[in-house]
Amino acid sequence: MCMRVLHLINQASPQASAVTLNLMATAMQKVEAQHQAILIGGQPLCDAARASVIESFIPMGAPGGHALAALPRLRHWLRNNAQPDMVHCWSVGSLLLATLACRSAPRLLTLTLMPSLHELHLLRMLAAEAGPAKLGIVPITATIAREVLCCGVDPQCVDILRPGVDMGLIQASERDAIRTRWELAGDDPLVVMLLSDPPTQCDAARATLMLGLTQVGMQNTQRPVHLLIHPDQKNRLAALNPMRPLNNEHLILSDAAAAIPWQVLPACDAVIALDDGGAGLSIPWAMAANVPIVGHATAGICEWVEDHHSALLVAPGQPAMRHIAGKLTDILSDPQLTYKLRDTARHEAFSFYSRTRFGSDLNTVYHQLLDGKELNVPDMPSTGGLRFAGRG
Numbered sequence: 005m006c007m008r009v010l011h012l013i014n015q016a017s018p019q020a021s022a023v024t025l026n027l028m029a030t031a032m033q034k035v036e037a038q039h040q041a042i043l044i045g046g047q048p049l050c051d052a053a054r055a056s057v058i059e060s061f062i063p064m065g066a067p068g069g070h071a072l073a074a075l076p077r078l079r080h081w082l083r084n085n086a087q088p089d090m091v092h093c094w095s096v097g098s099l100l101l102a103t104l105a106c107r108s109a110p111r112l113l114t115l116t117l118m119p120s121l122h123e124l125h126l127l128r129m130l131a132a133e134a135g136p137a138k139l140g141i142v143p144i145t146a147t148i149a150r151e152v153l154c155c156g157v158d159p160q161c162v163d164i165l166r167p168g169v170d171m172g173l174i175q176a177s178e179r180d181a182i183r184t185r186w187e188l189a190g191d192d193p194l195v196v197m198l199l200s201d202p203p204t205q206c207d208a209a210r211a212t213l214m215l216g217l218t219q220v221g222m223q224n225t226q227r228p229v230h231l232l233i234h235p236d237q238k239n240r241l242a243a244l245n246p247m248r249p250l251n252n253e254h255l256i257l258s259d260a261a262a263a264i265p266w267q268v269l270p271a272c273d274a275v276i277a278l279d280d281g282g283a284g285l286s287i288p289w290a291m292a293a294n295v296p297i298v299g300h301a302t303a304g305i306c307e308w309v310e311d312h313h314s315a316l317l318v319a320p321g322q323p324a325m326r327h328i329a330g331k332l333t334d335i336l337s338d339p340q341l342t343y344k345l346r347d348t349a350r351h352e353a354f355s356f357y358s359r360t361r362f363g364s365d366l367n368t369v370y371h372q373l374l375d376g377k378e379l380n381v382p383d384m385p386s387t388g389g390l391r392f393a394g395r396g
């Protein structure tokens, strides 16, 4: 009999972003099962799901997109439909909801972002209540896994499952069309994207400081450098204020499509990954899109890329923004360095973030949970890349 998997995510969760939803789409496409997805929230979540290639889903309205507000509706839905063999939760809130509504079914939680302190306490309680036979937690990085384990979750419940990236969604041929939408003429203007997971978390004001320093470094080339951010980016207005006296507001590009990396990365010349939200699932998308990466050398970012190998990284700290601006200037002005870094990163994205590998490993995890076994994600195969070896 074909396994029935119910996928849950709620709009109020920081994980309810296009990159996480696309990973959900990959799970539904690459694991042989009867999949149903319930999206708890409103039109923005449904729009993001369609952009993320989730082919069919059930919208379930709830005030503010909060998971618990959907409890009565989910219970009603479960009474009128076949019971799932597995509930795959894509946010901590939806895990709590599944625990209350589907106590008999095994539950799997995918973590694509670092949980908040409140979510970590909640995870510890839910894991203790369910036990490893009923609950599995699969963070996409070791950095997230360490935080989950440090909060007291049973190690038998936790293992790292590296994500898969849908390379086919990245259309390099769209570069000119995207830049035309931004009103950029030709290839002279340079565009640097601020990576952010969730899409609005990173501080735009810090990135603008780096942008100003980069402009100084690029003066000899006469090529303007633009910063791409989300319209709701944190401190967006503070980022614009220092630009106004110089009539340079046009150097800040605000586009809601920044929340969907594959829709804007083909038009970017570089990306920056900072320590306040730049270590998420957007990084492998930038790697796959052949866009060079500059950023902070935090533990989370260093799990994705390596300094002077697939990116240019600097240690976080007070002078870090000046150093990042210097690295960015090198990237934007040295085609040979740019080619070396982005070619390596793209090779590693293809090597490690295969959708087929992700689907196969996820299928293994599903059956381990169904059989009541300890979670044990298969070792990553040796593919010639350099980032990982062995487990996770």
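For the sequence shown, this note's numbering begins at 5 and goes up steadily by one.
Cβ atoms here follow ideal geometry from the backbone N, Cα and C, with glycine treated the same way.
| Check | Outcome |
| --- | --- |
| Rounded separation between Q87 and R8 - CA only | 8 angstroms |
| Outcome for T184 when other beta-carbon atoms lying within 10 angstroms are tallied against a minimum of 16 | exposed |
| For D207 and P67, the rounded distance between their alpha carbons | 28 angstroms |
| Rounded Cβ spacing between H230 and P193 (contact assumed at less than 8 angstroms) | 6 angstroms |
| L241 burial status per 10 Å Cβ neighbour count (16 or more: buried) | exposed |
| According to DSSP, residues forming a beta bridge with C93 | L12, L113 |
| Whole-angstrom distance between L165 and L366, CA atom to CA atom | 8 angstroms |
| Environment of N376 [buried if 16+ CB atoms lie within 10 Å] | Looking at the sequence itself, residue 376 is Gly, so the reference to Asn does not match. It counts as exposed. |
| Start and end residues, beta strand (DSSP E) containing H230 | 229-233 |
| H122 in three-state terms, based on DSSP | helix |
| Beta-carbon gap between L199 and S337 smaller than 8 angstroms | no |
| D334, DSSP secondary structure in three states | helix |
| Contact set for A260: own chain, Cβ-Cβ below 7 angstroms, skip 5 residues either direction | H234, P235 |
| Separation of L100 from L121, as counted between CA atoms | 15 angstroms |
| Bridge partner(s) assigned by DSSP for M247 | Its beta-bridge partners do not exist; DSSP assigns none. |
| For M214, the first and last residue of its enclosing alpha helix (DSSP H) | 208-221 |
| Spatial distance of H11 from A293 (CA atoms) | 28 angstroms |
| Collapsed DSSP secondary structure at P88 in the structure displayed | coil |
| 7 angstroms CB neighbourhood of V333 in its chain, flanking five on each side removed | Per the sequence shown, residue 333 should be read as Thr rather than Val. Hits under 7 angstroms: T218, G221, M222. |
| Proximity test, A260 beta-carbon vs the ligand ZN heavy atom, cut-off 7 angstroms | The ligand ZN is absent from the structure shown, which contains no ligands of any kind. |
| Distance, P119 Cα to P143 Cα | 10 angstroms |
| Candidates R326, K331, P323, of which the one nearest L317 by Cα | K331 |
| Among S95, E123, K138, the one whose alpha carbon lies nearest that of C106 | K138 |
| Under 8 angstroms between C-beta atoms of W266 and L188 | no |
| G388 - DSSP class collapsed to helix/strand/coil | Its pLDDT being 45, under 50, G388 is placed unreliably in this model, and the value from its coordinates should be taken loosely. It is coil, neither helix nor strand. |
| For M291 and S358, the rounded distance between their alpha carbons | 13 angstroms |
| 8 angstroms contact criterion, which E123 and V96 should meet: CB distance rounded | 4 angstroms |
| CB contact flag (R210, L278, <8 angstroms) | yes |
| Extent of the continuous alpha helix (DSSP H) to which M64 belongs | Taken as a continuous stretch (DSSP letters only), M64 belongs to no alpha helix (DSSP H), being part of the beta strand (DSSP E) at 62-64. |
| Span separating the alpha-carbon of G45 from that of M64 | 6 angstroms |
| For D311, the residue or residues it bridges with in DSSP | A315 |
| Nonlocal neighbours in the same chain, by C-beta distance under 6 angstroms from A319, ignoring five residues either side | A301 |
| Buried or exposed (CB count within 10 angstroms, at least 16 for buried), S17 | buried |
| Residues near E378 by beta carbon distance below 8 angstroms, same chain, minus five either side | P136, Q160, Q372 |
| Cα-Cα separation, C93 to A53 | 15 angstroms |
| Supposed contact pair L250 and M197 - C-beta distance, whole angstroms, cut 8 angstroms | Actually they do not touch by this definition, with Cβ atoms about 22 angstroms apart. |
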